[in-house]
Every structure is written in structure tokens, then in C-alpha cells.
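Structure first, then comments.
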Ligand code: NAD
Ligand code: TYD
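Next comes the structure, spelled out in C-alpha cells:
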């Protein structure tokens with residue numbers, strides 16, 4: 002795929018910004034279009050280091066705006082789409098699910114339909130890559146792993162909207178022969194993640210000695226993957242994945258929330274020169290998330306076997322780098338947490354604390 006034009010949606014967000022940076026730097030012959038409407042989670046400061054690169058262009062727009070997206074496909078000779086734009090936080094989907102249906106379901110349909118029209122009769126060397134989540138598979142018990150064949154069983158408005166979008170993408174493959182590929186990835190961690198998700202939120206609260214709100218008993222399990230390893234996996238699947246296939250991506254790295262939080266506290270005590278166990282005192286058990294999925298764990302053997310991808314760093318290495326980034330980039334954190342973030346935080350956590358007491 003030399004000299005191709007790649008439309009990356011959601012490129013100003015957490016994973017998207019890592020992916021855009023990787024593609025802009027690694028593929029100088031590609032034209033990278035970053036389409037993002039800049040919700041609270043989108044931040045162009047995430048891409049300040051590449052914004053003037055000659056092979057990069059930012060386009061502000063909404064994936065669910067059919068007129069705008071249709072026009073974009075007419076104006077730009079887009080060869081491939083890597084679709085990450087989404088509402089992505091489970092707790093927000095519980096507070097207000099409609100935005101999730103609009104962006105994640107309608108937005109994916111609009112992109113597919115516009116690409117189908119633009120690519121009619123010339124599907125060769127085209128690709129529609131849909132970035133999805135392991136949460137579509139539902140919740141595991143103590144044992145077992147999600148494989149690509151695990152039946153879908155989404156349980157939050159977020160995961161249901163992502164599952165819907167996966168189904169629509171597959172329908173376009175079967176019905177119209179669209180050259181699609183889907184990946185379902187586990188929880189990402191790394192720099193530039195909006196501090197509503199567990200790790201950046203807890204890093205920030207530990208730094209400011211604020212309570213650490215652990216949902217329920219804290220015995221929920223997630224599989225954590227370094228975001229740059231996810232971006233590398235997307236690169237591999239984009240270039241070598243087979244049309245119509247799904248690949249699960251994971252870190253072989255399961256942690257119970259409470260164990261992860263205790264480890265985070267002790268690393269941060271060391272980095273911040275605090276007494277042993279100082280930050281763990283901030284742990285506060287709060288009301289559980291409704292419909293909280295017990296355990297996610299990924300079998301990522303297909304992508305390793307067929308495409309040779311596996312995680313490149315251990316969790317300990319990735320976590321050290323990640324914590325250092327948030328401690329060094331105080332201005333980034335304070336910038337994204339001004340204004341509406343505070344209103345979200347108050348609504349989300351005051352209600353949880355009140356219900357617990
Ligand atoms: P994020 O919330 O950090 O970023 C989402 C980006 O999409 C933001 O820049 C936002 O402005 C943009 N966006 C939202 N609605 C839009 C719209 N209507 N039109 C255009 N742009 C819009 O999310 P993330 O964590 O980077 O996740 C990216 C993708 O990866 C999502 O599709 C998510 O479902 C998937 N995913 C995330 C994880 C994870 O752990 N974060 C794991 C697996 C899969
Ligand atoms: P999160 O980062 O929201 O990702 P997801 O829900 O998509 O897995 O949450 C990770 C885990 O941490 C999940 O089990 C919920 C839990 N959690 C808390 O205990 N407290 C918090 O304040 C947050 C945001 C999450």
C-alpha cells in the first residue's frame with residue numbers, strides 16, 4: 002500500500018493519537034487524515050509533535066454526519082479507513098447512553114455507507130478497519146478466555162453499542178463484499194488517556210492525595226495492554242490482516258482491580274518519596290457500577306500465530322513509563338481536567354459516595 006490515503010477517525014483521542022503518530026512517522030508516503038469532532042476526550046495537544054508533518058492533516062467533523070462524511074469521501078481519494086472514533090467510557094454510557102448509540106452505531110453505519118458508495122466497483126486495495134473492544138463478549142467467570150468465536154453478550158450501553166457496530170461492519174462484508182477487518186482489544190493503558198478511566202484517574206488522585214474510588218469489592222479483573230503495543234497490532238492487522246477476519250488483541254496480563262491499585266500505590270509512594278503504604282490509605286470502596294462485568298481475559302493466540310504480533314513490554318515496564326509520563330505532564334492533566342471534567346467527576350462520584358454511606 003504505497004502512497005495511500007488513510008482516514009483515521011478519533012485520532013485526537015487516547016489510542017487514536019498513538020496510532021496517528023505511529024502512521025505519520027512510519028509511513029511518510031501515506032497521507033494521514035485525522036477526522037475527529039473533538040469531544041471532551043479529543044485533544045489536539047496529544048498530536049502537537051506531528052501536527053506540522055507534511056503527510057498529516059486534521060479534519061474536524063462528526064462521523065455520524067452523513068452529509069459531511071459523504072462529501073469528505075467525494076473530495077478526498079480515501080483508500081482506507083481505520084475507525085476508532087467512539088464514545089468510550091462505560092460509566093458515561095450508564096449516565097447518558099444516547100450519545101453512544103449515535104456515534105458508535107450510527108457513526109459506524111455512516112462511514113461504511115459512504116465508503117461503500119465511494120468505492121463502488123473498485124474495492125481492490127481498499128480496507129475498512131474497525132477498532133473494537135473485548136467488552137462485546139460480556140463477562141467471564143473465574144476461568145476461560147475470550148476467543149474470536151466467543152458469542153457476543155454485551156451488558157453495558159457502551160459494549161452493546163460497540164457490539165452493534167461490529168455486527169454492522171460484518172454485515173457489510175457479507176452483503177456488499179466490503180473489505181473489512183475487525184480487532185477486539187482488551188483494556189489499554191499509557192500516556193494521553195483521559196483521566197476518567199481507572200489508571201490516569203487514580204494516578205492523578207494519588208498525586209493530589211485524594212480518595213481512590215474502588216467500585217464494589219474491587220475483585221473485578223481486566224487484561225491490560227500497553228497502548229503502543231495496541232497501535233503496533235493495528236499496524237500489523239491493517240497491512241497483513243485478512244478481509245472478513247476478526248483478531249483479538251490482549252496483553253496476557255490479568256489483574257484484579259484491587260491488586261493493580263495497591264501496586265500502583267506502592268510504585269507512586271516510591272516515586273513521590275512518600276512513606277510506605279501512604280497512598281493505599283486513600284483507597285475508598287464506593288458503590289459498584291451497575292451491571293459491572295466481572296472479568297475480561299483475551300486469548301490473543303490467533304494474531305500471534307497468523308501475524309506474528311505479541312506484546313513488547315512487561316506490565317511493570319509499561320506502568321513505570323506511564324506513571325512517569327503523567328507525573329511529568331502535569332499541564333496536560335490539569336488542562337483536560339478543567340471545566341466540564343469537574344462537573345462529570347462530581348456527578349459520577351458524589352452519587353456513588355452518597356449511595357455507599
Ligand atoms: P477516547 O474516548 O480516548 O477517544 C475517542 C475519540 O473519538 C476522541 O478524540 C473523540 O473526540 C472522538 N470522537 C468521539 N465521537 C466522535 C464523533 N461523533 N465523530 C468524530 N470523532 C468523535 O477513546 P479510546 O480509548 O482512544 O478508544 C478508541 C477506540 O478504541 C474506541 O472505538 C474504543 O471503543 C476502542 N477500544 C478502546 C479500548 C481502551 O481500553 N481504551 C480498548 C479496546 C478498544
Ligand atoms: P475503566 O478504566 O472504566 O475500564 P472498563 O470499565 O472499560 O474496563 O475501569 C476499569 C476497572 O476499574 C473496571 O472494573 C471498573 C473499575 N473502576 C473503579 O473501581 N473505580 C473507578 O473510579 C473507575 C473509573 C473504574
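Residue numbers (my numbering): 2 to 358.
Positions of the beta carbon are idealized from the N, C-alpha and C atoms, including for glycine.
What you are looking at is a predicted structure, and each value in this text was computed from that prediction instead of being measured.
Beta-carbon within less than 6 Å of residue 154's beta-carbon, same chain only, minus the 5 sequence neighbours each way: which residues are those? 139
Same chain, Cβ closer than 7 Å to residue 78, five either side skipped, listed in chain order: 6
Going by other Cβ atoms of all chains shown within 10 Å of its Cβ, with 16 needed for buried, is residue 163 buried or exposed? buried
I need the straight-line Cα distance from residue 165 to residue 201, nearest angstrom please. 28 Å
For residue 58: DSSP bridge partner residues: 34
Excluding the 5 residues preceding and the 5 following residue 359 in the sequence, name in chain order all residues of the same chain whose CB lies nearer than 6 Å to its CB. There is no way to answer for residue 359, as the model of the chain reaches only from 2 to 358.
When DSSP builds the beta bridges, which residues end up paired with residue 133? 185
What's the C-alpha gap between residue 228 and residue 16? 6 Å
Would you mind listing the alpha helix (DSSP H) stretches within the stretch 192 to 253 that are 4+ residues and don't spill past its ends, in chain order? 199 to 208 and 228 to 241
So for residue 168, helix, strand or coil by DSSP? helix
Near residue 42, what residues of its chain come up, given a Cβ to Cβ distance below 6 Å and the 5 sequence neighbours on each side ignored? 14 and 195
Using only the alpha-carbon positions, how far apart do residue 93 and residue 291 sit? 12 Å
Please confirm whether any heavy atom of the ligand NAD lies closer than 7 Å to the CB of residue 7. no
Along the chain, where does the beta strand (DSSP E) containing residue 113 start, and where does it finish? That residue, residue 113, is in no beta strand (DSSP E); its alpha helix (DSSP H) goes 108 to 119.
On the CB-based measure, 16 or more other CB atoms within 10 Å of its CB, does residue 213 come out buried or exposed? buried
Looking only at its own chain, which residues have a Cβ that is under 6 Å from the Cβ of residue 289, when we skip the five neighbours before and after it? 216 and 217
Cβ neighbours of residue 65 in the same chain (closer than 7 Å, five flanking residues each side left out): 103, 104, 107, 108 and 111
Cα-Cα separation, residue 313 to residue 230: 7 Å
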